[in-house]
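Each remark here refers to the structure printed beneath this line.
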Amino acid sequence: MQTARIDHNSRVTHYVVQAYRKMGKKIVADEPKIATDERHCLRMAEAAAPRRHGVIAFSRTGDADTGDFDDPVILATHGEVPEMS
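Residue numbers (our numbering): 1256 to 1340.
Following this line, the structure appears as structure tokens:
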């Protein structure tokens, strides 16, 4: 199963769903889930939303060999999620 889309050169786009749960007054991140493509990422986020305090779906494109990655692209948010930096 492919987990990323490959651009020209050695740039790769990763699609990630990050869910959060509320523990007392804190918002705690679950383990991030990797999606195969943008559509899959959006479906995963939508499916997780009713069971979590917040969910964010995003992509990151870059070169894993050099560690040079573009800023994340937010695809969708559901509920309350922390600011991405």
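Quick reminder that beta carbons are idealized off the backbone N, C-alpha and C, glycines included.
What you are looking at is a predicted structure, and each value in this text was computed from that prediction instead of being measured.
- Query: In this structure, does DSSP put H1308 in helix, strand or coil?
  - Reply: Annotated three-state conformation of H1308 is coil, per DSSP.
- Task: Alpha carbon to alpha carbon, how far is A1319 from H1333? Give it in angstroms, no decimals.
- Result: Looking at the two C-alpha atoms, the distance is approximately 29 Å.
- Take A1303 and list the residues in its own chain whose beta-carbon comes closer than 6 Å to its own, dropping the five residues that flank it on each side. Scanning its chain for C-beta atoms nearer than 6 Å, with the 5 sequence neighbours on each side dropped, one finds around A1303 the residues A1274, V1310, in chain order.
- Query: What three-state label does DSSP hand A1274 in the structure shown?
  - Reply: In this structure, DSSP gives A1274 an extended state, which the three-state scheme calls strand.
- Using alpha carbons as the reference points, say which of F1324, V1336, I1329, A1331 lies closest to R1266. The shortest CA-to-CA distance from R1266 to any of F1324, V1336, I1329, A1331 is the one to F1324.
- Residue span of the alpha helix (DSSP H) that contains A1300, given as start and end: Membership of A1300 in the alpha helix (DSSP H) is indicated by the continuous run 1293 to 1303.
- Within its chain, find whatever has a CB closer than 7 Å to the CB of E1335; leave out the 5 residues flanking it on each side and keep chain order. Excluding its 5 nearest sequence neighbours in each direction, E1335 has C-beta neighbours in its own chain below 7 Å: I1282, H1308, G1309, listed in chain order.
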